[in-house]
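Numbering (this note's numbering), first residue to last: 1 to 426. Heads up, the thing below is written out as structure tokens.
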Amino acid sequence: MTSDRGRRAACIVTLGCPRNEVDSESFAAVIRRAGYRIVRDPDEAVLLLLNTCAFIAPAVEESVEAVSEALAWRSGGRGRRFVLAGCLPGRFGDDGSGGLEGIDALVGPADTASLAAFLGVDHDARGRSRISRRFDRYLKIADGCLNRCSFCVLPAIRGPFRPERASGIIAEADDLAASGAREIGVVAQDLLAWRDGAMGPADLVSELASRHPDRWFRLYYLNPRRFDESILEAMTRFRNLAPYLDIPVQHASDRVLARMNRGYGRAALERICDMVSHAGLDIACRFTVIAGYPGETDGDFEDLCSFLRGASSLRSLVAFPYWHEEGSVEYGRGDGDLVDPAIVDERLGILDSIGEEAAEAWGGRLTGRRISVLAETSRRGRTVFDAPMVDGSALFTSPVRAGAFREAIVEGCEGLSTTVTVSGGN
Ligand code: SF4
1 MTSDRGRRAA
11 CIVTLGCPRN
21 EVDSESFAAV
31 IRRAGYRIVR
41 DPDEAVLLLL
51 NTCAFIAPAV
61 EESVEAVSEA
71 LAWRSGGRGR
81 RFVLAGCLPG
91 RFGDDGSGGL
101 EGIDALVGPA
111 DTASLAAFLG
121 VDHDARGRSR
131 ISRRFDRYLK
141 IADGCLNRCS
151 FCVLPAIRGP
161 FRPERASGII
171 AEADDLAASG
181 AREIGVVAQD
191 LLAWRDGAMG
201 PADLVSELAS
211 RHPDRWFRLY
221 YLNPRRFDES
231 ILEAMTRFRN
241 LAPYLDIPVQ
251 HASDRVLARM
261 NRGYGRAALE
271 RICDMVSHAG
281 LDIACRFTVI
291 AGYPGETDGD
301 FEDLCSFLRG
311 ASSLRSLVAF
321 PYWHEEGSVE
331 YGRGDGDLVD
341 PAIVDERLGI
351 LDSIGEEAAE
361 AWGGRLTGRR
371 ISVLAETSRR
381 GRTVFDAPMV
391 DGSALFTSPV
401 RAGAFREAIV
411 EGCEGLSTTV
421 TVSGGN
């Protein structure tokens with residue numbers, strides 16, 4: 001075993017979604033091969049890698065702020081080097097305006113080859129190295145996207161859809177399980193588009209769940225365009241496949257969905273809700289939607305609200321305002337149909353209330369029931385219906401060993417927060 005003492009230190013800061021967490025672990029593997037140990041505090045480090053997000057304007061803003069902090073860090077000590085990685089350089093690159101002073105290297109999304117070249121080490125595309133101490137890890141089964149939604153610049157940033165081979169995914173899941181992951185999030189921009197020969201996404205996740213029956217698997221993101229019963233059947237067969245559907249619904253008005261180029265209409269969404277309610281088990285749905293899409297009328301918005309109010313499996317609703325992103329198809333259509341920001345705010349408020357009502361209804365359903373929980377600390381964890389970082393917590397009435405799965409009785413719920421009594425020893 002190599003001692004860390006005396007090794008140079010590097011710090012990795014990750015912004016954005018689970019995909020970026022996977023990329024950061026791949027960057028960490030390269031950095032460790034270059035002889036650094038990874039630390040959490042930038043002040044202990046001589047190398048800082050900032051893995052950014054630039055999907056929509058608020059993410060760009062957050063990334064730009066973090067870049068300023070990183071530049072201040074770099075000028076605060078001798079010999080410090082700063083690598084700007086991820087979607088920000090992937091989207092904007094070097095525009096030649098000279099704003100890159102203080103940045104030692106630009107590395108695009110998941111571009112471990114460029115990082116390896118900068119650090120002067122051999123490139124190994126599949127290496128990953130754990131950074132966080134959390135019990136959940138992510139498994140990226142594809143990068144890029146094959147869809148062309150009118151509002152989205154992600155295919156331009158992350159490139160065309162590139163599925164990983166099943167054998168590599170399975171081997172990586174084995175590694176994650178062996179290294180202590182209790183929950184594995186299976187991630188792709190459009191998970192249901194994944195294929196390897198005759199093997200589809202439901203076959204893949206069934207294989208993962210059967211190989212590791214003592215781990216939870218959670219699926220991100222299930223585009224309604226390709227949703228069918230096979231995923232629900234897999235959830236019914238494998239109880240360690242979390243009964244949780246993270247669905248980017250985006251809207252429910254046929255007119256708006258067509259303008260978004262989503263490839264489905266309200267009828268497909270209703271069919272999904274129908275399949276879920278007849279699946280024979282409780283399934284929690286997390287929907288993301290966009291409010292104030294260009295041209296969205298009161299009638300379109302009412303369509304969205306009526307769909308959401310009728311979706312009995314909805315547990316968690318996330319509503320974003322529309323962002324007019326330069327480079328998107330919608331941006332090219334001009335500003336003429338943009339919705340007044342005051343109306344967008346009002347609509348977001350209505351969607352928040354619908355989300356609160358849905359969470360409350362779920363809370364009522366869960367109270368008194370026996371459910372599975374994963375302890376993240378001795379006093380707090382998550383139910384199987386909650387994804388890490390984005391949903392609620394389960395509060396334990398007595399201590400549980402961190403990392404343990406337990407059966408628990410739900411005492412009560414407030415919003416997405418659940419209080420549970422855990423049965424069995426600790
Ligand atoms: S499915 Fe649409 S919104 Fe999602 S990444 Fe692909 S193009 Fe963007």
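For glycine and all other residues, C-beta sits at the position ideal for the given N, C-alpha and C. No experiment lies behind these values; they were computed from the predicted model shown.
Give, in chain order, every unbroken run of the alpha helix (DSSP H) that is at least 4 residues long and sits entirely within the region 161–195.
166–178
Going by the beta-carbon positions, is the gap between R430 and P341 smaller than 8 Å?
Since the first and last residues shown for the chain are 1 and 426, residue 430 lies out of range.
Report yes or no: do the region 117–126 and the region 173–187 share at least 3 C-beta pairs separated by less than 8 Å?
no
Expressed to the nearest angstrom, what Euclidean distance is found between the alpha-carbon atoms of A291 and F238?
Distance from the CA of A291 to the CA of F238, rounded to the nearest whole angstrom, comes to 36 Å.
In whole angstroms, what separates the C-alpha of E69 from that of R80?
13 Å
On the DSSP letters alone, give me the boundaries of the beta strand (DSSP E) that A105 sits inside.
A105 to V107
Between R380 and the rest of its own chain, which residues show a CB-CB distance below 8 Å, the 5 nearest in sequence each way excluded?
Taken in chain order, the residues that qualify are S393, A394, L395 and F396.
Hey, out of E44, I231, V256 and R259, whose CA is closest to V276's CA?
Answer by Cα proximity: I231.
When you measure from the CB of P321 to every non-hydrogen atom of the ligand SF4, does any distance come out below 7 Å?
no
Measure the CB-CB distance between L106 and P89 and report whether it falls below 8 Å.
Taking 8 Å as the Cβ cut-off, L106 and P89 qualify as a contacting pair.
If you compare alpha carbons, which of L192, L245 and T288 is closest to R218?
L245
Could you pull out every residue in the same chain whose Cβ sits closer than 7 Å to the Cβ of W194, ignoring the five residues on either side in sequence?
I141, A142, P163, A188, P201 and L204
Could you compute how far the alpha carbon of G332 sits from the alpha carbon of E326?
8 Å
Within 7 Å: the Cβ of C152 and any heavy atom of the ligand SF4?
Yes, the Cβ of C152 comes within 7 Å of a heavy atom of the ligand SF4.
Count the other C-beta atoms from every protein chain shown that fall within 10 angstroms of the C-beta of G349, then say buried if there are 16 or more, exposed otherwise.
Around the beta carbon of G349, fewer than 16 other beta carbons lie within 10 angstroms, which makes this residue exposed.
Taking 7 Å as the cut-off, is the CB of C149 close to at least one heavy atom of the ligand SF4?
At least one heavy atom of the ligand SF4 is nearer than 7 Å to the Cβ of C149, so yes.
Thinking C-alpha only, which one of T377, R365 and E414 is nearest R182?
T377
Which stretch, first to last residue, makes up the alpha helix (DSSP H) that contains S63?
A57 to S75
Can you have a look at S132 and say buried or exposed, based on whether 16 or more other CB atoms are within 10 angstroms of its CB?
exposed
Any heavy atom of the ligand SF4 inside 7 Å of the beta-carbon of C145?
yes
When you compare only the Cα positions, how much space is there between L351 and T288?
11 Å
Please go through the same chain and pick out, in chain order, the residues whose beta-carbon is closer than 7 Å to the beta-carbon of E207, but skip the five residues on each side of it.
The residues are I170.
What is the residue span of the alpha helix (DSSP H) that W362 lies within?
P341 to L366
Three-state secondary structure (DSSP) at T2?
With a pLDDT of 48 at T2, under the threshold of 50, the modelled position of this residue cannot be trusted; read the value that follows with caution. DSSP places T2 in coil when its eight states are reduced to three.
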